[in-house]
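Have a look at the structure below, then the notes.
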Amino acid sequence: MAPAVVVVSVDGLGAALLADPTLHLPALRGLQARGVAAAGLRPVFPSVTWPCHSTLITGVPPMEHGVLGNHVLDRATGQIVSHYGDRTDRGIAAESVCERAVAAGLTAAAVCWPKTRGMSCLADNIPEFYEQELFERHASRRLWDELVDAGLPVHRYGEWSRHHPHGPLQDWLSMRTACHLVHRRPPDLLLLHFLVVDSFQHDFGVDSAEARWALQYVDGLLQRLLAALDEAGRLESTVVVVLGDHGFVPVERVALPNASLAADGLLRLDRRGVIVGHDVRVVANGGSAHVYVGRGASHQLLVDRMRERLAALPGVEAVLDAAECRERGLPDPAQDPTQGDLMLTAADGWHFGDHGTAELAAAAPIYRATHGHLPEDPRLLAGFVAAGPGVAEGARIGPLDALDVAPTVAAVLGVTLPRARRPPVGEMLDVVAARLA
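The opening residue of the sequence shown carries number 156 in this note's numbering; numbering runs sequentially from there.
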């Protein structure tokens, strides 16, 4: 019988942060000692939460699963589509390991895992939202009612998810929800997402005392989850995977390409500085940004002009054309119109903002660190550890890719993921190595 799998995503858990020997991390260090640790996990591009998590459960790049950023543009309406917070009903376009597991007769559940809204294969699901009304509408009713009956404050989920200072409370509630499932209705595959490590690095910086505290706090939540598995008699038959989706880089300045476009007459603002129309518009995703160019007769001329114009702006490291984006796992705009005609990457110390004026940008929250940049930056490598039956004990392996995770989890569960771009990681799992032999 195949083991169960629990995948815990600690959002923003960088490989460097995980490797810090001064941190007290008994749960994570224990998993490392009895299992495998990777030198890092390379994120997808753009290296932001919603595309990364979509790849982690499908094994395919954004060009196939369709989540091309936390935020993209709907060209037909001119409105921003926010995958962030699962505010759109546009689901993942590729088959997930959850679906394959359920098709094989197994069960799957998720707690605050990004991009799971409407995922019918999940027997129990509380998707990652930031508005209470979305939690109330889309969470599994049976699970939600059980949590209410247990006295857990799920009526605060939206508030605690939305406000960074409440991040520890959100993660505590997610941990309690996961423990409830372990005791009441343990799934064969459980996905769990913690957010405070990401939030505190954004707000306070990569090496801040707050970020370091956040990881140690989450380690305590992991200890409670492991204890719940042990109490339920499931720890010895469960593979526990803990990973990050991306690392972080420090930032000091924000680039505002839309303000430059407005000055050039290519983007229109109302009296408050809010964007109301455009010929060209930039949609920021931290250290990268999509550039959308209108579809008129002079479209290609304007694309070429924008590549030269935007490359000259402060804070822009590079401008990627459609071919360069395809090389990085993104679709052609003709294939998926939410893909920009160009993409910007930020210079070191910079990130992008969407604002049309410097005044609006000055009123926005200040980030001390972020992500979204090209994944070749070693600072963006995420952490990865795993332990449990069939996992190579004490193994230390080279960097993994986000594409490796889903097929490897599928292999542990005894199922396949046909569309996955890469095979299971044989050097990580004894059980996989045996099957591949």
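Even glycine gets a Cβ: it sits at the ideal position worked out from N, Cα and C.
If you run the structure through DSSP and keep just helix, strand and coil, what is residue i?
i      : result
Asn440 : strand
Arg340 : coil
Met498 : strand
Ser164 : strand
Gln119 : Because the chain in this structure spans residues 156 to 592, residue 119 falls outside the shown range and cannot be described.
Leu591 : The predicted position of Leu591 is uncertain, since its pLDDT is 36 and thus under 50; a value taken from the coordinates is nonetheless stated next. Helix.
Val586 : With a pLDDT of 45 at Val586, under the threshold of 50, the modelled position of this residue cannot be trusted; read the value that follows with caution. Val586 falls in the helix class under three-state DSSP.
Thr525 : strand
His335 : helix
Arg255 : helix
Trp505 : strand
Arg574 : coil
Ser363 : coil
Gly449 : coil
Gln349 : One detail in the question is off: residue 349 reads as Phe in this sequence, not Gln. Phe349 falls in the strand class under three-state DSSP.
Ile247 : coil
Gly260 : coil
Val303 : helix
Glu514 : helix
Arg204 : It is Thr, not Arg, that sits at residue 204 in the sequence shown. Looking at Thr204 - three-state DSSP - the assignment turns out to be helix.
Ala193 : strand
Ala542 : strand
Ser295 : coil
Glu531 : coil
Arg551 : strand
Gly185 : helix
Gln234 : strand
Phe355 : helix
Pro405 : strand
Thr393 : strand
Leu178 : coil
Can you check whether the CB of residue j is closer than 8 Å to the CB of residue i?
i      : j      : result
Val395 : Val161 : yes
Ile641 : Gly221 : In this structure the chain extends from 156 to 592, so residue 641 is not present and cannot be described.
Val540 : Val446 : no
Leu536 : Gly195 : yes
Asp241 : Leu289 : yes
Ala305 : His335 : yes
Pro486 : Arg197 : no
Thr512 : Gly428 : yes
Phe403 : Val351 : no
Asp358 : Gly167 : no
Ala170 : Leu555 : no
Leu302 : Thr332 : yes
Gln378 : Ala182 : yes
Gly508 : Val409 : yes
Arg462 : Leu497 : yes
Pro342 : Ala387 : no
Relative to the alpha-carbon of residue i, which residue among the options has its alpha-carbon at the smallest distance?
i      : options                        : result
Trp268 : Thr232, Gly449, Pro206         : Pro206
Arg576 : Asp476, Pro562, Val567, Ala263 : Pro562
Ala502 : Gln490, Thr493, Val474         : Val474
Ala547 : Ala517, Val580, Val222, Gly169 : Val580
Leu344 : Gly190, Asp491, Ile212, Pro573 : Ile212
Gly538 : Pro158, Ala159, Ala174, Met156 : Ala174
Ala467 : Gln490, Arg426, Leu416         : Leu416
Val406 : Leu350, Gln356, Gly449, Leu381 : Gln356
Ala444 : Phe349, Leu336, Arg292, Trp505 : Trp505
Pro573 : Arg184, Arg197, Glu250         : Glu250
Pro282 : Val191, Asp353, Gln455, Val309 : Val309
Pro520 : His318, Ile430, His238         : His318
Glu286 : Pro341, Arg296, Thr243         : Thr243
Ala524 : Pro342, Ala366, Tyr239         : Ala366
Leu568 : Cys253, His238, Ser237         : Cys253
Pro158 : Glu582, Thr393, Asn413         : Thr393
Ile235 : Arg551, His526, Gly451, His510 : His510
Gly545 : Val165, Glu582, Pro578, Arg534 : Glu582
Asp279 : Ser295, Glu291, Gly273, Gln490 : Ser295
Ser164 : Trp315, Met330, Gly185, Thr232 : Met330
Met274 : Leu346, Arg534, Leu456         : Leu346
Asp476 : Gly495, Val564, Asp400         : Gly495
Leu390 : Leu180, Ser316, Leu186         : Leu186
Whole-angstrom Cβ separation of residue i and residue j, contact assumed at under 8 Å?
i      : j      : result
Pro216 : Leu558 : 7 Å
Val471 : Leu465 : 6 Å
Leu674 : Leu370 : Absent from the model: residue 674. The displayed extent of the chain is 156 to 592, so no value can be given.
Ala542 : Arg189 : 5 Å
Ile430 : Leu421 : The pair is not a contact, with the Cβ atoms about 11 Å apart (cut-off 8 Å).
Val203 : His454 : The Cβ separation is near 27 Å, so there is no contact.
Gly313 : Phe284 : 6 Å
Ser209 : Lys270 : 5 Å
Quick one: does residue i have its CB under 8 Å from some CB of chain D?
i      : result
Leu180 : Here chain D cannot be found, since the structure has a single protein chain.
Check whether the Cβ of residue i sits closer than 7 Å to any heavy atom of the ligand NAD, and report yes or no.
i      : result
Val199 : Looking at this structure, you won't find the ligand NAD or any other ligand, since it has none at all.
At least 3 beta-carbon pairs within less than 8 Å: the segment 432-441 vs the segment 361-375 = no
ask   = Quick one: any contact between the segment 514-527 and the segment 477-486, if contact means 3 or more CB pairs under 8 Å?
value = no
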